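Take a look at the structure below.
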Amino acid sequence: MILVRRRAGGSPTGPARASRARNTEFSAGDKVFQWLAGVAAVIPVAALALIIVIMVVQAIPAIIYSGLTFFTSTTFSIGHLYATTLTTHNGVSAPQDASYGALVFIVGTLATSVIAICLAVPISVGGVLMLSEWIPERLQGFLSTFVDLLAGIPSVVFGLWGITIFGPFAAAHIYPTISHLGRFIPFLKGPVGFGEGLLTASLVLALMVIPIVASTTRELVKRVPVLAKEGALALGMTRYETVRVVTIPYIRSGIIAATLLGWGRALGETIAVLLIVGDLTLLPHSIFASTSTIAATIASTLDSAFTDYTHMALSALAELGVLLLVISLATNLAGRLIVRRVSTDALPVGRGI
Amino acid sequence: MNVRRITAVSTAAVVAALLVSACGASNSSTTAATATTTPTPVATGNPTSPVTLTEDGSSLLYPYLEELETPLNTAYPNITLSPAAGGSGKGQSDAETGAVNMGGSDAYLSNGAEAEYPGILNIPIAVSAQAINYNLPGVSNLKLSGNVIAEIYQGSITKWNDSAIAALNPGVTLPSTTIVPVRRIDSSGDTFIFTSFLSATNAAWSSGPSFGTTVTWPSVSNEQTASGNPAMVTTCQSTPGCIAYIGISVEATAITDGLGEVNLENQAGNFVLPTADDINAAVAAGATNVPKDLRQSLIYETGADSYPIVNFEYLVLHKGQSALPTALAIRTFLTWAISPTGGATAANLTKENFVALPTSVIPNVTAAIDSIYVP
Amino acid sequence: MESKRHPARHARGIIFWVLCGIALVIVVLPSAAIIIGVVAKAIPVLRVTLLTTTTRSGALGLQNAIIGTLTLGIGVLIVAGPIGILSGLYIAEFAPKRFGGVLRFFSEVLAGVPSIVIGYVGYLTLVVRLHWGFSLLGGILALSVLIIPYIIKITEVSFAQVPRSLREAAMAVGLTRLTTIRKVLLPPALPGIVSGLVLALAISTGETAPLLFTAGFTDANPSGPMNPVGYLTYVTYTDVSLPSAGAQALASASAAVTILLILFLILGGRLITARSRRMVARLDV
């Protein structure tokens, strides 16, 4: 694989920092300004530290109370608040029969985000390849505007569209066909419902991930060395084979990075999923079933968490939050580290939510 | 130099974070004031500058508060009521933390909450009820008992033509439709009074899910969920065979949407509807048992005509208020709200199918309102 | 000249490109479908009264929500803007390389924090522990924490993209660090920074989760930093579960207005970025 770096006068190649030169002249005003800027630079670090510390400290009682059942139990209940006794595990007291098992949410989160990624990545890559190989240049900008638009649509609008327009439409026209496949794959069988549930949530999530992967892929495809492609064509390969042999290997690590970034987004997505997935603490027995995710549960339970006077509900939500933090930070970081090496200005836009 | 700077910055950040979280680590609430200080007398009347009273919570109470906004503003131009829905659990939560001035709740606070937030008040402003609705076109005047409804929500009775239901409805042709129980998914006061009713009539329910604003619902294969009273109506309306518990303030919509109203069996064995008379019968039977702190629902009361699911609509708030104008506005609003010439006019109450507070309870309510002070 | 290709190769190519064509349609269509669908559902309430009345019961208006969203956005610019820009500037121009890398790393980590976690922390610290209750300021702070990493990144990249020749010229002339930044580096970096701020505004217009737990909601126009504030995404979020036709239409209208605002901001940002690229290219000698 030949890496040809093009140098157009002045624009940075590779990590931009390498081209920086700084002078060393300082005035008094400089020192003040530098100090001010330094303080500003510390603020995000402090905010991050605050968030992590608060989440972890809040989560500790629930961690002690639940132990490993957090990962194995499918019951998430804040307990009988009007009972006269408390339940105590490992020295921590919670309302009677309180149980903070997160298995349903872990499964829901993973199921929705994995389905979303499995759909979004091939579709984004395929679409971008089509766009760059076959669509005339003038039209490319026009069409990619639609992708940028998709990036800008807020999460709550995805939720609204998903539950009121797309869900019912899909349930009426698309899902019955899928549930016929239930004869071979039991998970696909089941009452199709009115559009709520795991599948619709995953599909909408896929739409939210597509812009991230597509815009990164576009940037990557632009940088594929023309010489290599032309060489392949000269050897008599079809366009498909050129893509397969030259383009895809070149962009592969970037795609992986973008996938991780998109996955990070899908994991942390709250509002759209909350509106569509049905918010039920039940393991999904079919792909059309209602279930819940970690983020959706935190959002729907937080506002009444203080009815639990032992504050264990609050703690359990923090434990969920810590879990969510850990898995989305891990995927996000992995993705960003790789993306930065590959392209400096492809900033995945559209945070939504 | 770099390493030192890095460690300095990160240590500073972490220390700051720990300090902030440590300061707040104590769980005791600081919005409640101690009762030992001499209360500053708080009068009632129009405040001198505009005050907005924020409220959120019960979706059963919400339409009533919406109704009260304009007359309140007319009577006291400087008091504006800003209500919102969100479920009784949210109302209780937000009132406890002080995020809103008053929390609307169909459920009184639990003993634990009372202990955690000393000085928190449960002030009823009206009496409301809950209907059980069903979607069976062609079947009218359905009769059910709490015991049967509990079994439906436990999944033991799954078809409308089950023998237990048929036994209560002699002579009625019941279809073999599958029953679809609909329940609230948010932390709901309606759930509280519904499950209180089920606990009072079915032993398995009482020892199992019991009652509360959220409970561990037994898993029933067809059950549906809805968030808020209005959504209960639409979910039931679009699901043939459904049964749902719906707060009486949205009952009018339920009826016009074609849902039937269940005649519930009361303690005397009679089947009654949530009419004003039958609600008042329950009130008459239960009012004398209401404790001084007003924390009681009027569930499954004795009396030939008593409707079995009747409750107080509470506004939850802290006794000790931080600002005088707010305390004044709250006292004024509450006094006005329970007065038959102020907020609790017959017209306002009937619009939501509520009834007025029983006279025996009013002295305790007034005492609670008068205990609001600024420490 | 057209090669005697093995029909299987040809077929494979066709299948692949047909699939890619379908993929392209799936990538391009939804945004239009969503916007059209949402606007169509909003039509019953798309009247002038949408802008002149508030969400107060009965009146189907969005005035308080629109003003609230804009107020939140301006607040975020005021809080996150300077912090983000100064931060990005510090990393780009002042910090020694390793330290800058560390700061950048933490900024990226912050960007990965899910917004519901920020909502939780904001709720616990601002609403409960500090006893602010639901407040405009709380919403602004929560959003700012969300947004700062994006501003930092774009500011940093904008400064890094200033041509090396300009820096060397400034050094040759003997300008101080601050003057270099102010007079030489800032002008070409500014359009990039501004587009970063515009992006920040767009993101904050569309956020819901952090605001749900910090800003509360009110039917009145914004009345002060410590009072709750209404915003568009809340109306969409709550009214979508309200069954009445008016509420459904209002939810869609709110969504449509939100999209409109974001569209306006995205297009504005793109115009600025396009201008900046031309400017930077011109500056390089």
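Protein chains in written order, with this note's numbering: chain F, 1 to 353; chain B, 354 to 728; chain Z, 729 to 1013.
We put the beta carbon where it would ideally sit given N, CA and C, even for glycine.
Predicted model only: the values in this text are computed from it and were never measured.
Contact list for residue i against chain B, beta-carbon separation under 8 Å
{"i": "F:T293", "result": "Within chain B, no residue comes near F:T293; the closest Cβ sits about 15 Å away, beyond 8 Å."}
Close-in-space but distant-in-sequence residues of the same chain around residue i (CB under 7 Å, 5 per side omitted)
{"i": "F:A296", "result": "T270, V273, L274, V277, D279"}
{"i": "B:A378", "result": "Here B:A378 scores only 43 on pLDDT, less than 50, and its place in the model should not be relied on; the value that follows carries that caveat. Same-chain partners within the cutoff: there are none."}
{"i": "B:A448", "result": "M455, G456, V669, L670"}
{"i": "Z:M1007", "result": "P916, P919"}
{"i": "B:L346", "result": "For chain B, the structure presents residues 354 to 728; residue 346 of chain B sits outside this window and is missing."}
{"i": "F:A116", "result": "S202, L205, A206, V209, A266"}
{"i": "F:F187", "result": "S286, I287"}
{"i": "B:N380", "result": "Residue confidence is low: B:N380 scores 40 on pLDDT, short of 50, so the model does not pin down where it sits. No coordinate-derived value is stated."}
{"i": "F:A214", "result": "S124, G127, V128, V147"}
{"i": "Z:G867", "result": "L800, L939, T942, A943, V957"}
{"i": "Z:I754", "result": "none"}
{"i": "B:G565", "result": "F545, T548"}
Per DSSP, cross-strand counterpart(s) of residue i
{"i": "B:M455", "result": "B:E408"}
{"i": "B:Y667", "result": "B:S458, B:P477"}
{"i": "B:F624", "result": "B:E618"}
{"i": "B:A579", "result": "B:R537"}
Best match in the options for proximity to residue i [C-alpha to C-alpha]
{"i": "Z:I987", "options": "F:L337, F:T200, F:I153, F:G159", "result": "F:I153"}
{"i": "B:P693", "options": "B:N399, B:P424, B:D409", "result": "B:P424"}
{"i": "F:S179", "options": "F:L329, F:F288, F:L139", "result": "F:F288"}
{"i": "Z:V968", "options": "F:R265, F:L160, F:A258", "result": "F:L160"}
{"i": "F:F146", "options": "Z:F744, Z:I994, Z:R737", "result": "Z:I994"}
{"i": "B:T587", "options": "B:T606, B:I473, B:S549, B:Q620", "result": "B:T606"}
{"i": "B:D646", "options": "B:S574, B:L474, B:T401, B:G656", "result": "B:L474"}
{"i": "F:G29", "options": "Z:A943, Z:T908, Z:Q976", "result": "Z:T908"}
{"i": "B:P430", "options": "B:E422, B:P436, B:A437", "result": "B:E422"}
{"i": "Z:A983", "options": "F:A318, F:V156, F:T217, F:A59", "result": "F:V156"}
{"i": "B:T722", "options": "B:T712, B:W689, B:N664", "result": "One point to set straight first is that residue 722 of chain B is Ile, not Thr, in the sequence displayed. Out of B:T712, B:W689, B:N664, B:W689 has the C-alpha closest to the C-alpha of B:I722."}
{"i": "Z:Y851", "options": "Z:A937, Z:L894, Z:A900, Z:S886", "result": "Z:A937"}
Within chain F, partners of residue i - CB distance below 9 Å
{"i": "B:Q445", "result": "S304, F306, T307"}
{"i": "B:F564", "result": "H80, Y82"}
{"i": "Z:T961", "result": "P154, S155, V156, V157, I271"}
Within chain Z, partners of residue i - CB distance below 7 Å
{"i": "B:V586", "result": "P971"}
{"i": "B:E419", "result": "S785"}
{"i": "B:S600", "result": "It is worth fixing the name first, because residue 600 of chain B is Gly in this sequence and not Ser. Within 7 Å Cβ-Cβ: nothing; B:G600 doesn't reach chain Z, min ~14 Å."}
Residues near residue i in its chain [Cβ-Cβ closer than 8 Å; skip 5 each side]
{"i": "Z:A897", "result": "V912"}
{"i": "Z:I875", "result": "V804, A808, G812, A928, I931, S932"}
{"i": "Z:Y878", "result": "G812, A839, G924, L927, A928, I931"}
Per-residue contacts from residue i into chain F (C-beta, under 8 Å)
{"i": "Z:S815", "result": "A37, A40, A41, I43, P44"}
{"i": "Z:L914", "result": "Neighbours of Z:L914 on chain F: none; closest Cβ ~12 Å, over 8 Å."}
Cβ shell of residue i (< 6 Å), same chain only, five flanking positions each side left out
{"i": "B:A375", "result": "For B:A375, the predicted model reports a pLDDT of 48, less than 50, meaning its position is unreliable; a value from the coordinates is still stated below. Answer for B:A375: no residue qualifies."}
{"i": "B:S382", "result": "Summary for B:S382: the model assigns pLDDT 40, below 50, so the residue's position carries little reliability; its value from the coordinates is reported in the next sentence. So the qualifying residues of the chain are Y470."}
{"i": "B:E618", "result": "S498, F624"}
{"i": "Z:S980", "result": "V766, K769, A770"}
{"i": "F:P348", "result": "Note that F:P348 scores a pLDDT of 44, beneath 50, so its modelled location is shaky and nothing firm can be said."}
{"i": "B:T389", "result": "Confidence in B:T389 is poor, its pLDDT being 46 and thus under 50, which makes the residue's placement unreliable; the coordinate value appears in the next sentence. Cβ neighbours of B:T389 beyond the five flanking positions: none."}
{"i": "F:A318", "result": "M55, Q58, A59"}
{"i": "B:R732", "result": "This structure cannot speak to residue 732 of chain B, because chain B is shown only from 354 to 728."}
Within chain B, partners of residue i - CB distance below 7 Å
{"i": "Z:F862", "result": "A452"}
{"i": "Z:V855", "result": "T450, A452"}
Short CB-CB distance (under 9 Å) between residue i and chain C
{"i": "F:S73", "result": "The structure shown contains no chain C; its protein chains are F, B and Z."}
Neighbouring residues, chain B, relative to residue i (Cβ below 9 Å)
{"i": "F:L282", "result": "S572"}
Proximal residues of chain Z, C-beta to C-beta of residue i below 9 Å
{"i": "B:S498", "result": "Here the premise fails: no neighbours, minimum Cβ distance about 29 Å."}
**Item:** chain Z contacts made by the stretch 29-41 of chain F, where a contact means CB separation under 7 Å
**Value:** G29, D30, F33, Q34, L36, A37, G38, A40, A41
**Prompt:** Taking a cut of 9 Å between CB atoms, which residues from the stretch 775-796 of chain Z lie near chain B?
**Reply:** So the close ones are R784, S785, G786.
**Request:** Anything in the stretch 732-756 of chain Z with a Cβ closer than 9 Å to a Cβ of chain F? List those residues in chain order, please.
**Result:** R733, R737, H738, R740, G741, I742, I743, F744, W745, L747, C748, G749, I750, A751, L752, V753, I754, V755, V756
**chain B contacts made by the stretch 252-280 of chain F, where a contact means CB separation under 8 Å** = G278, D279, L280
**Request:** Check distances from the C-beta atoms of the stretch 930-962 of chain Z to those of chain B and list, in chain order, the residues that come in under 9 Å.
**Result:** G944, F945, T946, D947, A948, S951, N955, P956
**Request:** Return the residues of the stretch 763-775 of chain Z that lie within a Cβ-Cβ distance of less than 8 Å from chain F, sorted by chain order.
**Result:** Going along the stretch 763-775 of chain Z in chain order, one finds I763, G765, V766, K769 with a Cβ nearer than 8 Å to chain F.
**Asked** Name the residues in the stretch 870-887 of chain Z whose C-beta lies less than 8 Å from a C-beta of chain F; which are they?
**Response** V873, L874, I876, P877, Y878, I880, K881, I882, V885
**Request:** Would you list, in chain order, the members of the stretch 828-850 of chain Z that have their beta-carbon closer than 8 Å to a beta-carbon of chain F?
**Result:** G828, L831, F834, S835, E836, V837, L838, A839, G840, V841, P842, S843, I844, V845, I846, G847, Y848, V849
**Request:** Determine which residues of the stretch 428-439 of chain B have a Cβ less than 7 Å from any Cβ of chain Z, and write them out in chain order.
**Result:** Answer in chain order: S435, A437.
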